[in-house]
Amino acid sequence: MNVNQSAPPVPPFGQPQPVYTGYHQSSYGGQPGSTAPPTPYGAYNGPVPGYQQTPLPGVSRAPPSSEAPPASTAQAPCGQVAYGQFGQGDVQNGPSSTVQMQRFPGSQPFGSVPLAPVVSQPTVLQPYGPPPTSAQVTAQLAGMQISGAVAPALTPVGLGYGPPTSLASASGSFPNSGLYGSYPQGQTPPLSQAQGHLGTQPPQRSAPPQASSFTSPASGGPRMPSMTGPLLPGQGFGGPSVSQPNHVSSPPPQALPPGTQMTGPPGPPPPMHSSQQPGYQLQPNGSFGPARGPQPNYGSPYPGAPTFGSQPGPPQPLPPKRLDPDAIPSPQLNELPPQQKTRHRIDPDAIPSPIQVIEDDRNNRGSEPFVTGVRGQVPPLVTTNFLVKDQGNASPRYIRCTSYNIPCTSDMAKQAQVPLAAVIKPLARLPPEEASPYVVDHGESGPLRCNRCKAYMCPFMQFVEGGRRFQCCFCSCINDVPPQYFQHLDHTGKRVDAYDRPELSLGSYEFLATVDYCKNNKFPSPPAFIFMIDVSYNAVRSGLVRLLCEELKSLLDFLPREGGAEESAIRVGFVTYNKVLHFYNVKSSLAQPQMMVVSDVADMFVPLLDGFLVNVSESRAVITSLLDQIPEMFADTRETETVFAPVIQAGMEALKAAECAGKLFLFHTSLPIAEAPGKLKNRDDRKLINTDKEKTLFQPQTGAYQTLAKECVAQGCCVDLFLFPNQYVDVATLSVVPQLTGGSVYKYACFQVENDQERFLSDLRRDVQKVVGFDAVMRVRTSTGIRAVDFFGAFYMSNTTDVELAGLDGDKTVTVEFKHDDRLNEESGALLQCALLYTSCAGQRRLRIHNLALNCCTQLADLYRNCETDTLINYMAKFAYRGVLNSPVKTVRDTLITQCAQILACYRKNCASPSSAGQLILPECMKLLPVYLNCVLKSDVLQPGAEVTTDDRAYVRQLVTSMDVAETNVFFYPRLLPLTKSPIESATEPPAVRASEERLSNGDIYLLENGLNLFLWVGASVQQGVVQSLFSVSSFSQITSGLSVLPVLDNPLSKKVRGLIDSLRAQRSRYMKLIVVKQEDKLEMLFKHFLVEDKSLSGGASYVDFLCHMHKEIRQLLS
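For the sequence shown, my numbering assigns the number 57 to the initial residue and increments by one for each residue that follows.
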């Protein structure tokens, strides 16, 4: 149904409407009825508690004391279920036989307003049939409707109003609260036309884009909803005057004369409203409205705590944080006399919840496999566990797009401002249930390609002339099929062997490359790993050198290997360094390793070839001897200075001499200030923050490292850097080479063996063992009409098309942005082909191909219906994080906000039907764009707090650049898991709650993770038994704050929590060190930094404030 059109009102109190075919109906309070999916949200920004309403002139009104008590005094105590206005079980949940209007107590002097059922609307902007006669109803109502499955309009907690009025528009418009933008006494608000006759179903053209709409106080206030339709017999205008101030709770604004009925079959009326009740309490599903009594098929009545996503037990929210509209300039507000500037509240539960969206997607899409055979399908969210069946398009584990339906013209794309991008993870690891890409060997002839554009054979190529030729799907060139590849076609024009050939039936596959695809036309040697260890005073004193050497003895048995190989083909070498470099000969024939020192670091060379790179199993004894000796040799060192660039240079020269690609593992502790190429100075200066020179903090100090990186890429030398700084080391400069060679940076500030050993060793093991492609080149081809124009990630580009990667592992992504260069065709759609040429760990040259077909559209509504917000945020974060290199941070932030406002304003203008400017209307699949974008804006790179170092910002900036969509999702919006609410015996993860302080209950324990950090927050009132079970101490005060390891205790709770921590760590590409945080402790400030829906100390807006700001921006664009 059309989300934004005014529609006739809904039946009262959330009773189901007559079911129209093809539409999901939603029952009350968001719980599933017979055909209803759960509603995600409750009401948004209803009238405010504690306001007075002056009676209509000449109408007597009972004194305020007889009305509902003010919300502040009447709310149910914390933890108690308030069953709203209805008795237990009174609210009907199944298909009701009638929808009869409620009659209010006779003393209330309001006119009667009979109402008609909601009519589902078709998509956009064309009235069907003549407009109906208009009857205007003024009513006070609050509600938010998400169309598709429409949420009933619900009232926020604590309102001193009666049951929700029965008027809800399909666009979710809101009445005037009397505070902003009221109409002068006696003047009616403008009418809006509802399209289509009441009670009839207009023809459906195409499913409308779904939208979420709600009113924000920033907008200058809600407007009166208006309804059009014939007046029913006995119906008059009624309701209180719209211009009255809202100071006392008023009874509901409409009542009916006896006998007036809604159209629809007869049935029991809803119960009477008790004027003693305050407004509705928060419901277990996070929405508002009268709570229900025990339901059929439910084990027990709902617990008092709200369960977001209809799951057992997250914590009681504290009193909701409220928005102060006085902080938001509003002309209407400023014109009011001072005593009327009352606080206007938005309930955080009423605005789109990431937790709810994630939960709904898991429930709706987690059970079925995602089959990739259909063009332009939007995959399940990255937070959903699902299986993929490859039937011709690449799995979303390899490629995710910002939109799966792209505009046919560049004008349309410019109008929408939705970036068209793909986040590609060519070597993504798959779950065990999914098969790795098949390897196809075409022998000496090599893979079949288009002669003109060089695209590789794929399922979208069209065979013609009985199979003797094929037409390229990318450039339309007709090519001959080589005789050895010929096959007949069936009656549909498909080759009869299509399903026997991966390249004709699958979205992802590999070709074995021929010698033509190799450097210097000769097959590559297996790659090598060189371990380069800083042995300066800091590294030895911290215990790092001893720990590392001990670990390498066993780790070398786990080097990556191909398929079923007995042992790894990778050779290894060792270098130690401080101001000079020490090379080691570990040839298997030697009894003891030999050390050679190169002190001329300005002109680096490798002093030995034979015996430097060796096979581990052959030289096992010599390597073990060396690793035993290194900590002893440097135990008494007093050398504090280090070099850095010459170390990388030496590793690269060694690989060049051995004629192979490979990886350098650098373990480094301090700023390289020794006299040598690449020498750096301390340039850390916090005074530059928020100035035009702030960008220099992210730029490298010297160009030497870029030049060095370029040479490394040419050699296929990838660099992984492990940093152990005690102070500033200039991560922005040191990370240039890892960044440009496709490597990784790991940082362990103030490294202490006892605290950081587990994290470092875990990261090192994973880094050494992961499968890597070496000496790689990636190219993305597109069908005519769009082309790849921009690339983000850890790689080097020497031209505009080839992404060069000295190394590429399964965690790294390359993000590609596309632009139009011609018109696209709706019928043929758009195609992407990503081809990655790389050397495997065994030294085999391969081509990995991923294909994806997207739809094209001429209607903006189709674009907005097929977007993927998580991918959009991934792209926008990378775009912004690259922007800080060249622009002031404030400019980058403003650019993001403007782009987001333009995307949403374009939707509002072109896809939503006209409605009050007081409403914020969001596309259904983009309703989380504001909350996620606010998290990006508040991140350390774009808005650092006082405690964030320059190195931390540079580290996070380069980290995010190659993150995949799942990683950015949890990095920007961390997961907060309550631990004591779900049953101990339950094996599943507890349901998450929203990342806000008001979701924390001081009687509970929470885990918070964002992919890099892991906190265990302990509330001050946690039961003693829980403290004993987890920490083996008798009281909260005895828990050690900052503890990083939980004691191993033999009880169900301890096992469950430690198991959960292990499972969270297993899901992430880096080891998350645990930090135990006690409520009211000094470490709590660090923890609260990750509660991203709240205001941040560094000045970042809360989610509610940002939503209001976004709404203002959209309104400015529209006006």
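Glycine residues also receive a C-beta, built at the ideal position from the N, C-alpha and C atoms.
- Within the segment 502-554, no alpha helix (DSSP H) run of at least 4 residues lies entirely inside it.
- The segment 830-845 makes contact with the segment 865-876, as at least three CB pairs between them are under 8 Å.
- Per DSSP, reduced to three states, the secondary structure at N1069 is strand.
- When DSSP states are grouped into helix, strand and coil, S610 belongs to the helix group.
- Cβ-Cβ distances below 6 Å link R617 to S624 in the same chain, with the five nearest sequence neighbours on each side left out; the list follows chain order.
- If you draw a 10 Å sphere on the C-beta of S645, you find fewer than 16 other C-beta atoms in it, and that means exposed.
- Within the segment 640-674, the runs of beta strand (DSSP E) at least 3 residues long that lie entirely inside it are, in chain order, 650-654.
- P488 is classed as exposed because its beta carbon has fewer than 16 other beta carbons within 10 Å across all chains shown.
- In this structure, V601 keeps its C-beta atom at 9 Å or more from the C-beta atom of V642.
- Beta-bridge annotation (DSSP): G849 is paired with V870.
- Residue state for D1106 is assigned as coil, using DSSP reduced to three classes.
- Proximity to S1154 across N966, K983 and N746 peaks at N746, based on C-alpha coordinates.
- With fewer than 16 other Cβ atoms inside 10 Å of its own Cβ, T1096 counts as exposed.
- Nearest C-alpha to F778 among G759, L764, S943 and A805: A805.
- Beyond the five residues adjoining it in sequence on each side, E490 comes within less than 7 Å, by CB distance, of L443 and V444 in the same chain, given in chain order.
- DSSP places E709 in no beta strand (DSSP E) but in the uninterrupted alpha helix (DSSP H) bounded by A701 to A714.
- Restricting attention to beta strand (DSSP E) runs no shorter than 3 residues, the segment 817-845 encloses them at 828-838, ordered along the chain.
- Q889 is bridged by DSSP to R837 and N907.
- Between the C-alpha atoms of Y633 and S1125 there is a straight-line separation of about 29 Å.
- Between the segment 779-798 and the segment 730-742 there are three or more inter-stretch CB-CB distances shorter than 8 Å, so the stretches are counted as touching.
- Burial is judged here by how many other beta carbons sit within 10 angstroms of a residue's own beta carbon; S800 has at least 16 and is buried.
- With a 10 Å radius around the Cβ and a threshold of 16 neighbouring Cβ atoms, A850 comes out buried.
- DSSP, reduced to helix, strand and coil, places A760 within a helical segment of the structure shown.
- Nearest in C-alpha terms to Q900, of all of S1093, I1131, V495 and P538, is V495.
- Counting the other Cβ atoms within 10 Å of the Cβ of E424 gives fewer than 16, which makes it exposed.
- Given a length threshold of 3 residues, each whole run of the beta strand (DSSP E) inside the segment 898-969 is given here in chain order: 901-913.
- Checking the DSSP bridge columns, you'll see Q813 has no partner listed.
- The three-state reading of DSSP puts T1017 in helix, counting H, G and I together.
- When the alpha-carbon of I686 is set against those of T570, V631, V654 and Y454, the nearest one is in V631.
- Between I414 and the set L984, G1081, N990 and F1027, the nearest pair of CA atoms involves L984.
- V678 is positioned such that its CB atom lies closer than 9 Å to that of A647.
- Rounded to the nearest whole angstrom, the CA to CA distance from A961 to Q795 is 37 Å.
- Cβ atoms of G772 and D831 come within 8 Å of each other, at about 3 Å.
- Taking a contact to require three or more Cβ pairs closer than 8 Å, the segment 935-942 and the segment 995-1003 qualify as touching.
- In the structure shown, N594 adopts helical secondary structure according to DSSP, grouped into three states.
- Counting only the Cα atoms, H724 lies some 9 Å from V699.
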